[in-house]
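Data block below; observations after.
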Amino acid sequence: MNIDTRSQLEKYQKNSYDLIRRTRDLVDSIHNNNNNDNDNGASNLMDLMMKLKQESLNIDSTLSQQDEVLDQQKSRNDALQEKCQSLVYQKEVLKQEIEHLQQSFSFDLNNPSLNLPIYLSSDQNQQDNSHQIIESLEKEMTLRISKLNELEEWKQSCKKAKEELNKRQKELDSFESKLKSNHITLQQIIKPLQPNISVQPLPSLQQQHDHQLLVLAPPPLYNLYHEIQVFKDLFYNRLTIDIQCKTDIDVLRNQLYRGAGGSTGTAATTNQPFPISIALSIPSTKNQSTLLLEFYYYPIMKLVTVNPSLDGNEQAGQQILEPLAKDKGLYHNYFESETDLNVNKQQLIGKPFIWAQYITGLSFLPDLAVEDISNKDYHLQDFKPKTSNEILTEIITSF
């Protein structure tokens, strides 16, 4: 098995593991919600199982291709082994003929009339070379037999892995039919997943709870921090999250206490961002660039703005977050016309992208376009905003 095939197989296995983990989380969520919103949960669970089935088919296809490669290698080894055996047989035949001639009558090996191969010359060096060739062929044959045995071991391993995958595939097929019939209990849902479920450590959770600024942060920034932190722990640990505060922490705590948990006095009377902000540093997966996203919360306007910069260049950062003029509310301004919101006039830091409102929990409504309203085939209930994981993944892979 070459390196590319092995890495591809490991990639499929990793994807399968991630899907299993997400299925486990969804099952736990359904159980904790006491079977509320079962239709939505069952739909999401069905999507995950379909993806898991596809990954299983990918693994099965990769193993089948590897079996074909192994069969071809075995055929070549068999042909070489037969050739080696033929050479050994020819060696024995020539040896017997030489012995027979020596016993019958005396002759000169150098006589051209005998028409013997060059390696049968009486010259001692030529005889030594003949022995060396034969020994080399014997060693080569022994090595190829060893490789053939190793090939058989690999094939047996592949066979066992394929049998295990077929077994799991049967369980998934059975599980899918039960799920479609809507006659399945929570215990039946969990049972086929239990052998593959394991608890993943999240070492930074305690650090999150102990962060003083996080406790004082408003709910949108609090939600944003935890969404990014969970994504970092599970998917991309190269992220760097920093909580910043423009005022003294004791002063801010007193202001919040006097305001009974509301906004600070300055931010409550003027259109100023909350003193606490979140900075997310994302290193590129393709080069040495770093994208910095600064999140600010405006209590009066009830929105979160994003101020991006690529290696200190804010214009380059904006180009990354705005690749399309209109993308169903994923990467364009929250307010499209200057009559709705003038960023410069309001003196906002950054722009209020709609996806930032989704992550922080400030918005859950779809961003409808004019063509969607006039389109009779468009159904509002089909709108599904992208999750935090999907949004962060798109940002990471976009530069």
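Here the sequence shown is numbered in full-length UniProt numbering, starting from 1 and rising by one per residue. Beta carbons: idealized from backbone N, C-alpha and C, even for Gly.
For this session: Let me know the beta strand (DSSP E) ranges lying completely inside the segment 229-289, each 3 residues or longer, listed in chain order.
Result: 240-245, 276-283
Problem set entry | Beta-ladder partner(s) of tyrosine 296, from DSSP | Thr305
Exercise. So is proline 352 buried or exposed if we call it buried at 16+ other beta carbons inside 10 Å?
Worked result: buried
Problem set entry | Pick from Leu348, Asn254, Asp60, Leu280 that is closest to proline 299, judged by C-alpha positions | Leu348
Problem set entry | Simplified DSSP assignment, three categories, for lysine 170 | helix
Problem set entry | alpha helix (DSSP H) segment containing tyrosine 12, residue limits | 3-32
For this session: Pull up the CB-CB distance for leucine 151 and lysine 74, whole angstroms please, since I reckon it's below 8 angstroms.
Result: 6 angstroms
Problem set entry | Among Phe235, Gln357, Lys246, Ser398, the one whose alpha carbon lies nearest that of glutamine 319 | Ser398
Exercise. Helix, strand or coil for serine 121 per DSSP?
Worked result: Because the pLDDT at serine 121 is just 48, under 50, the model does not fix this residue reliably, and the point stays unresolved.
For this session: Check each candidate in Ser146, Pro308, Gln65 and name the one with the smallest Cα separation from leucine 162.
Result: The sequence given here places lysine at residue 162; leucine does not occur at that position. Nearest option by C-alpha distance: Gln65.
Exercise. Can you give the Cα-Cα distance for lysine 83 and lysine 139, rounded to whole angstroms?
Worked result: 14 angstroms
Exercise. Helix or strand or just coil, what does DSSP make of residue 400?
Worked result: In this structure the chain extends from 1 to 399, so residue 400 is not present and cannot be described.
For this session: Hey, could you find the ends of the alpha helix (DSSP H) alanine 316 is sitting in?
Result: 314-321
Exercise. Going by beta carbon distance, what residues of the same chain come within less than 8 angstroms of tyrosine 225, once the five residues before and after it are set aside?
Worked result: Gln208, Leu214, Ala217, Ile241, Ile243, Ile278
Exercise. In or out: proline 219 buried (at least 16 other Cβ within 10 Å) or exposed?
Worked result: exposed
For this session: Could you tell me whether any non-hydrogen atom of the ligand ATP is closer than 6 angstroms to the CB of proline 219?
Result: For the structure depicted, the ligand ATP is absent and the ligand set is empty, with no information on it obtainable.
Exercise. Distance, Cα to Cα, cysteine 245 vs proline 275?
Worked result: 5 angstroms
For this session: Out of Ile282, Ala316, Phe364, state which residue places its alpha-carbon closest to the alpha-carbon of residue 412.
Result: In the structure as shown, the chain starts at 1 and stops at 399, and residue 412 therefore has no counterpart that could be examined.
Problem set entry | Beta bridge counterpart(s) of glycine 351 as assigned by DSSP | One point to set straight first is that residue 351 is lysine, not glycine, in the sequence displayed. According to DSSP, which records beta bridges pairwise, lysine 351 is partnered with Val306.
Problem set entry | Whole-angstrom distance between lysine 286 and phenylalanine 295, CA atom to CA atom | 24 angstroms
Problem set entry | Spatial neighbours of leucine 362 in its chain, beta-carbon cut-off 7 angstroms, leaving aside the 5 residues before and after | Pro220, Lys302, Leu303, Val304
Exercise. For threonine 23, is the classification buried or exposed, using 16 other Cβ atoms within 10 angstroms of its Cβ as the cut-off for buried?
Worked result: buried
For this session: Just mark valine 251 as buried or exposed, buried being the case when its beta carbon has 16 or more other beta carbons within 10 Å.
Result: exposed
Exercise. Around the Cβ of glycine 350, are there at least 16 other Cβ atoms within 10 angstroms (buried) or fewer (exposed)?
Worked result: buried
For this session: Would you tell me roughly how many angstroms separate the C-alpha atoms of residue 405 and threonine 393, rounded to the nearest one?
Result: The first residue shown for the chain is 1 and the last is 399, placing residue 405 beyond what the model contains.
Exercise. So who's on the other strand from leucine 101, going by DSSP bridges?
Worked result: Bridge partners of leucine 101: none, in fact.
Exercise. From Met49, Glu153, Ser174, Gly312, pick the residue whose C-alpha is nearest to that of serine 16; which is it?
Worked result: Met49
For this session: Report, in whole angstroms, the separation of the C-beta atoms of isoleucine 59 and leucine 19, which I expect to be a contact under 8 angstroms.
Result: The pair is not a contact, with the Cβ atoms about 12 angstroms apart (cut-off 8 angstroms).
Problem set entry | With 16 other Cβ atoms within 10 Å as the buried cut-off, status of alanine 356 | buried
Problem set entry | CB-CB length for isoleucine 249 against glutamine 272, believed under 8 angstroms | The Cβ separation is near 18 angstroms, so there is no contact.
For this session: Go ahead and label isoleucine 359 buried or exposed: buried means 16 or more other beta carbons lie within 10 angstroms of its beta carbon, across all protein chains shown.
Result: buried
Exercise. For asparagine 40 versus leucine 26, is the C-beta spacing smaller than 7 angstroms?
Worked result: no
Exercise. What's the call for valine 306, buried or exposed, on a 16-neighbour Cβ count within 10 Å?
Worked result: buried
Problem set entry | Close beta carbons around isoleucine 30, own chain, < 6 angstroms, minus the five adjacent residues each side | Gly41
Problem set entry | Distance between glutamine 255 and asparagine 227 (C-alpha atoms, nearest Å) | The amino acid at residue 227 is misidentified as asparagine; the sequence shows glutamate. So the two alpha carbons sit approximately 27 angstroms from each other.
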